[in-house]
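Structure first, commentary second.
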Amino acid sequence: MNMPHRFSREWVDGLTPIGPSMARVLIVGGGLAGLSAALEATSAGHHVVALERAPRVGGRATTQPLDGFAMGYGPHLLLKNGPLHSITKKLSRVRLATQPLRPHRCEVLGHGLIRPTGDVRTAALNKRALKMNDQTHPIVQGTDFLSTWGSPKTDGKRRSALNKSQLLVSNEGWAGLVGRMAAALDEVGVFIECGLEVTRIEPGLAHLSDGRMIETDVIILACGSKTARKLVSSMDETASQKFTTIQRITASVVELGLDSKPLQEHHAVVDIERSMAILDYFAIQPRLGLEGSHLAAVAVGGLPQDAGPTQFESAEQRLSALEAFLDERALGWREHIIQEGRQSKITLHELPSEELTQLSFAEHGVLLAGAWVESEHSLADGAVASGRKAGRLIAKAIH
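Structure (structure tokens):
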């Protein structure tokens with residue numbers, strides 16, 4: 071299910087280095103932003119090396135098959151023809167098998183299904199509220215939460231996609247999506263080394279944790295914002311102040327592989343009052359598994375350091391509240407566990423300021439990439455779009 075694919079000749083030919091203006095590019099980070107930047111930079115004819123601190127590429131976009139469950143999938147939905155979906159389709163002739171989240175199988179607790187099939191009047195009222203972007207309507211609020219996981223940065227694109235059954239779940243998990251990108255880079259000879267940490271940078275030079283140094287023309291920081299700030303500070307202490315305006319929203323996540331179907335036929339259940347939701351990936355994408363269910367439950371925000379109102383004193387308290395939500399909506403789940411995973415606190419959204427763009431440190435030969443950099447997209451699409459844009463802007467950082 072998660073094996074690398076054979077890649078289309080057209081794409082590989084398109085990544086062959088061309089032209090005389092080739093630059094040496096070092097990419098720090100092997101997640102979605104870093105891999106996307108590497109693809110774009112290579113297609114522009116640059117010589118690319120990517121370093122990833124973790125043992126494998128993908129960053130947080132990793133899955134591991136355990137007892138028939140792609141654990142680590144997390145609460146993510148592909149936007150049809152969005153940046154991530156588009157690039158993974160383009161990389162292979164093997165069709166990416168997807169199934170959409172269906173509005174008539176998504177329930178906003180206390181307010182019913184987003185598109186009830188047996189109630190024409192309510193379905194029409196909900197559709198009108200969604201079309202008019204009525205933010206006071208609970209169905210609109212629930213649809214926004216489910217499509218963006220509570221991101222304050224929304225233009226309605228993902229909400230509209232959910233309403234049109236265009237938020238997708240693939241049959242490959244994160245490993246398959248990342249595998250398509252990594253294998254394409256491997257085919258054109260891009261070197262990606264894992265288990266190496268960049269400890270300090272300066273214009274044209276990166277210092278590694280093992281004592282080595284790498285000379286380069288351009289550095290793309292496609293790591294997390296905290297690591298990027300640390301590395302930029304090692305080069306210019308005043309420049310790091312641009313990172314202080316980033317607002318973060320964290321989440322708690324419980325992922326479960328069960329031998330039962332506690333959500334029955336539901337794809338998703340949303341509680342807008344508590345900013346919580348549960349997805350069943352097997353119900354959405356049967357190719358992932360026919361027996362049992364694969365649940366991803368998420369509680370967004372609510373901590374003192376999160377943007378927005380405070381509801382919990384600690385991440386552990388929020389995680390306990392999420393498990394209580396599962397007790398209410400996925401009855402008996404504790405007695406049917408085959409695989410499970412819990413994260414009390416992950417950074418779900420990093421809201422960039424206008425001060426942080428790909429070119430914020432271009433004068434030092436450094437570009438930025440990641441979901442925390444200014445972009446019209448969010449979540450994984452934000453990371454991919456940001457990485458590709460950084461790859462296109464390399465010429466502006468060469469001095």
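Counted from 1, the sequence shown has number 359 at position 289 by our numbering; the numbering is strictly sequential. In this text, a Cβ means the ideal position worked out from N, Cα and C, and glycines have one as well.
For residue i, the nearest candidate out of the options (CA to CA)
i: A167; options: E257, G246 and D397; result: G246
i: E285; options: R299, V127, V454 and V119; result: V119
i: C264; options: E272, E307, H207 and A252; result: A252
i: D341; options: T314, G359 and T213; result: T213
i: G294; options: V98, L237, A93 and M92; result: V98
i: H469; options: E393, G435 and Y351; result: G435
i: A400; options: T112, L349 and H447; result: L349
i: A254; options: L105, L437 and F313; result: L105
i: G411; options: A366, Q205, S230 and E424; result: A366
i: L147; options: H117, R185, D306 and V239; result: V239
i: P422; options: L266, F313, G220 and G402; result: F313
i: M141; options: P186, Q413, A455 and E424; result: Q413
i: E361; options: E110, L109, F139 and R299; result: F139
i: F395; options: P332, D306 and S310; result: P332
i: V339; options: R175, P153 and H116; result: R175
i: D137; options: D329, A455 and Y351; result: D329
i: Q134; options: G249, H419 and R282; result: G249
i: M202; options: G226, G182 and H181; result: G226
i: I209; options: S156, I184, W219 and M283; result: I184
i: K296; options: V258, E420 and M305; result: E420
i: W403; options: Q334, D280 and F431; result: Q334
i: A309; options: E177, E433 and H117; result: E433
i: D306; options: R282, T315, P273 and G281; result: P273
i: F431; options: M283, L449 and S303; result: S303
i: R126; options: L102, P186, N233 and Q205; result: L102
i: G181; options: H207, S156, R191 and R165; result: The question names Gly, but residue 181 in the sequence shown is His. It is H207 whose Cα lies nearest to the Cα of H181.
i: L109; options: V164, Q375, E257 and E446; result: E257
i: E424; options: E383, T315 and E343; result: T315
i: E343; options: L179, G115, H116 and H117; result: L179
Beta-carbon proximity of residue i to residue j, cut-off 8 angstroms
i: A347; j: S363; result: no
i: L426; j: E444; result: yes
i: D451; j: L149; result: yes
i: A124; j: G457; result: no
i: I271; j: G100; result: no
i: S345; j: G327; result: no
i: K459; j: Q428; result: yes
i: A93; j: I464; result: yes
i: L65; j: L301; result: Shown here, the chain extends from 71 to 469; a query on residue 65 therefore has no answer.
i: A453; j: A467; result: no
i: V260; j: T380; result: no
i: S470; j: R228; result: Residue 470 lies beyond the residue range present for the chain, which begins at 71 and ends at 469; the question has no answer from this structure.
i: L275; j: L121; result: no
i: V324; j: E393; result: yes
i: L237; j: P153; result: no
i: K415; j: A385; result: yes
Any non-hydrogen atom of the ligand ATP closer than 7 angstroms to residue i Cβ
i: G115; result: The ligand ATP is not among the ligands present in this structure, which contains no ligands whatsoever.
For residue j and residue i, believed in contact at Cβ under 8 angstroms, the rounded distance
i: V268; j: H277; result: 7 angstroms
i: A369; j: R357; result: That pair is no contact at about 28 angstroms.
i: P145; j: A377; result: 18 angstroms between Cβ atoms; not a contact.
i: R172; j: H337; result: 6 angstroms
i: W219; j: L96; result: Between L96 and W219 the Cβ distance is about 32 angstroms, and since that is not below 8 angstroms, they are no contact.
Residue i at chain C interface by Cβ criterion, 8 angstroms
i: M92; result: The displayed structure is made up of one protein chain only, and chain C is not part of it.
Whole beta strand (DSSP E) elements within the segment 287–344, 3-residue minimum
With a minimum length of 3 residues, the continuous beta strand (DSSP E) runs that stay inside the segment 287–344 are 288–291, 317–328 and 338–341.
Given 8 angstroms as the limit, is there contact between the segment 156–172 and the segment 317–329, that is, 3 or more CB pairs closer than that?
Judged by Cβ distances under 8 angstroms, the segment 156–172 makes no contact with the segment 317–329, as fewer than three pairs qualify.
Counting Cβ pairs, one atom from each stretch, are 3 or more of them under 8 angstroms apart for the segment 191–198 and the segment 234–249?
No, the segment 191–198 does not touch the segment 234–249.
Continuous beta strand (DSSP E) assignments of at least 3 residues falling wholly in the segment 225–298:
Fully enclosed beta strand (DSSP E) runs of 3 or longer: 237–240, 261–264, 268–272, 275–278, 283–285 and 288–291.
My parser needs the alpha helix (DSSP H) runs of 4 or more residues fully inside the segment 413–457; what are they?
Given a length threshold of 4 residues, the segment 413–457 has no whole run of the alpha helix (DSSP H) inside it.
Write down every uninterrupted run of the alpha helix (DSSP H) in the segment 158–208 whose length is 4 residues or greater and which is fully enclosed by it, in chain order.
Runs of the alpha helix (DSSP H) inside the segment 158–208: 190–202.
Runs of 4 residues minimum, wholly inside the segment 378–407: which ones carry the alpha helix (DSSP H) assignment?
Runs of the alpha helix (DSSP H) inside the segment 378–407: 385–399.
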